[in-house]
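With my numbering, you'll find the sequence shown wraps up at 269, consecutive numbering, no jumps.
Cβ atoms here follow ideal geometry from the backbone N, Cα and C, with glycine treated the same way.
No experiment lies behind these values; they were computed from the predicted model shown.
Shown next, in structure tokens, is the structure this report addresses.
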Amino acid sequence: MSRPPGRPVPWSRVLGTLVLAYAAARLCVWLGTPLPWMIGPLLATALGSMLGAPTESWVVLRNAGQWVIGAALGLHFTPAVGVLVAQLWWVIAWGVVWALALGWAMGVWLHRLHAGRVPGVRPDQWRGTAFFAGSIGAASEMTLIAERYGARTDLVAAAHSLRVLLVAVAIPFGLQAWGVTGLDASPPGVREVDPAGLAVLAALTLAGIVAMLRFGGANPWFIGALAVAMVLTLSGVTLSAVPAGLSNAAQLVIGISLGVRFTPA
Numbered sequence: 005m006s007r008p009p010g011r012p013v014p015w016s017r018v019l020g021t022l023v024l025a026y027a028a029a030r031l032c033v034w035l036g037t038p039l040p041w042m043i044g045p046l047l048a049t050a051l052g053s054m055l056g057a058p059t060e061s062w063v064v065l066r067n068a069g070q071w072v073i074g075a076a077l078g079l080h081f082t083p084a085v086g087v088l089v090a091q092l093w094w095v096i097a098w099g100v101v102w103a104l105a106l107g108w109a110m111g112v113w114l115h116r117l118h119a120g121r122v123p124g125v126r127p128d129q130w131r132g133t134a135f136f137a138g139s140i141g142a143a144s145e146m147t148l149i150a151e152r153y154g155a156r157t158d159l160v161a162a163a164h165s166l167r168v169l170l171v172a173v174a175i176p177f178g179l180q181a182w183g184v185t186g187l188d189a190s191p192p193g194v195r196e197v198d199p200a201g202l203a204v205l206a207a208l209t210l211a212g213i214v215a216m217l218r219f220g221g222a223n224p225w226f227i228g229a230l231a232v233a234m235v236l237t238l239s240g241v242t243l244s245a246v247p248a249g250l251s252n253a254a255q256l257v258i259g260i261s262l263g264v265r266f267t268p269a
């Protein structure tokens with residue numbers, strides 16, 4: 005389960021889950037699987053949770069993981085990438101419209117198929133639950149917004165966690181099996197880790213997170229860090245790369261936060 009701040013943290017369960025996730029990640033690294041630091045912890049934690057193991061995700065670690073991943077992704081938006089995105093704005097706009105339409109249609113289908121059939125869900129919760137469960141978005145964001153609108157967050161989280169699990173497992177393994185590789189035609193972003201620059205990057209991205217927290221933005225730990233890192237990189241400011249070990253650790257704790265949602269119920 006995922007435990008919010010303010011409640012006693014069962015450290016033994018948190019540490020046990022971290023050990024399980026780390027062992028699974030190392031196994032996936034040894035096997036040469038794609039995304040080993042995400043897929044390994046996700047699958048191991050999900051399996052353990054469904055079998056009734058005392059798994060636990062600490063929200064502080066999850067937020068830190070989102071912070072790291074947001075900052076790391078923002079560093080890929082070099083000026084060359086910005087020009088490419090500006091040229092393809094119409095493709096992105098159509099993608100947004102398509103995703104919204106598809107999510108709305110899926111929500112309508114879920115509502116018609118399951119409304120009133122799942123015990124414990126009030127009639128006023130069904131429409132919001134179906135909408136946010138069918139929407140195309142990250143599990144944490146959809147669950148957070150669903151909570152604001154009074155939907156059943158456990159059902160929304162389960163739906164998106166299952167989707168993320170299927171996508172994270174099927175797509176990378178499928179691409180690997182077909183021998184598909186990426187081709188980076190744009191100039192690479194910053195590659196070297198500079199301790200002083202990394203400290204400045206951490207401070208600036210944290211300021212973006214705090215600003216989003218103050219204004220009530222959705223998923224501030226990811227979006228706030230991503231936005232600041234994007235602006236810096238697009239402006240040609242190169243402070244430091246994110247260390248690979250830190251990125252791996254962030255993927256591990258995010259994998260745990262998704263895996264613990266797969267309870268026996």
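Ends of the alpha helix (DSSP H) at residue i?
{"i": "residue 63", "result": "63–78"}
{"i": "residue 19", "result": "15–35"}
{"i": "residue 261", "result": "248–263"}
{"i": "residue 226", "result": "224–238"}
{"i": "residue 99", "result": "93–118"}
{"i": "residue 242", "result": "Neither: residue 242 is in no alpha helix (DSSP H) and is coded neither H nor E."}
{"i": "residue 12", "result": "Counting along the chain, residue 12 falls outside any alpha helix (DSSP H), and DSSP gives it neither H nor E."}
{"i": "residue 48", "result": "40–54"}
Can you give me the C-alpha to C-alpha distance between residue i and residue j, rounded to a whole angstrom?
{"i": "residue 153", "j": "residue 209", "result": "28 Å"}
{"i": "residue 267", "j": "residue 195", "result": "40 Å"}
{"i": "residue 19", "j": "residue 52", "result": "14 Å"}
{"i": "residue 197", "j": "residue 28", "result": "27 Å"}
{"i": "residue 191", "j": "residue 159", "result": "Since pLDDT at residue 191 reaches only 48, below the 50 mark, its modelled position is unreliable, and no value is offered."}
{"i": "residue 67", "j": "residue 101", "result": "29 Å"}
{"i": "residue 55", "j": "residue 251", "result": "29 Å"}
{"i": "residue 16", "j": "residue 25", "result": "14 Å"}
{"i": "residue 69", "j": "residue 32", "result": "20 Å"}
{"i": "residue 238", "j": "residue 269", "result": "46 Å"}
{"i": "residue 235", "j": "residue 253", "result": "25 Å"}
{"i": "residue 40", "j": "residue 124", "result": "37 Å"}
{"i": "residue 262", "j": "residue 50", "result": "8 Å"}
{"i": "residue 217", "j": "residue 38", "result": "33 Å"}
{"i": "residue 171", "j": "residue 219", "result": "32 Å"}
{"i": "residue 90", "j": "residue 148", "result": "30 Å"}
{"i": "residue 175", "j": "residue 161", "result": "21 Å"}
{"i": "residue 92", "j": "residue 103", "result": "17 Å"}
{"i": "residue 229", "j": "residue 73", "result": "8 Å"}
Round the Cβ separation of residue i and residue j to the nearest angstrom and send it over; I've been treating them as touching at under 8 Å.
{"i": "residue 201", "j": "residue 244", "result": "3 Å"}
{"i": "residue 86", "j": "residue 233", "result": "No, residue 86 and residue 233 are not in contact; Cβ-Cβ is about 13 Å, not under 8 Å."}
{"i": "residue 134", "j": "residue 111", "result": "5 Å"}
{"i": "residue 181", "j": "residue 164", "result": "Actually they are not in contact, since the Cβ atoms of residue 181 and residue 164 sit about 25 Å apart, beyond 8 Å."}
{"i": "residue 231", "j": "residue 145", "result": "Contact flag wrong, Cβ pair sits at about 14 Å."}
{"i": "residue 155", "j": "residue 136", "result": "5 Å"}
If distances are taken between C-alpha atoms only, which option among the options comes closest to residue i?
{"i": "residue 71", "options": "263, 226, 178", "result": "226"}
{"i": "residue 139", "options": "156, 105, 122", "result": "105"}
{"i": "residue 258", "options": "14, 38, 44, 120", "result": "44"}
{"i": "residue 80", "options": "224, 249, 254, 240", "result": "240"}
{"i": "residue 167", "options": "97, 47, 23", "result": "47"}
{"i": "residue 62", "options": "75, 242, 114, 22", "result": "22"}
{"i": "residue 58", "options": "13, 141, 91", "result": "13"}
{"i": "residue 35", "options": "127, 151, 117, 177", "result": "177"}
{"i": "residue 128", "options": "109, 113, 150, 141", "result": "150"}
{"i": "residue 109", "options": "131, 122, 95", "result": "131"}
{"i": "residue 76", "options": "264, 157, 248", "result": "248"}
What runs of the alpha helix (DSSP H), each 4 residues or longer, lie entirely inside the segment 123–208?
Taking 4 residues as the minimum length, the alpha helix (DSSP H) runs contained wholly in the segment 123–208 are 127–138, 143–152, 157–182, in order along the chain.
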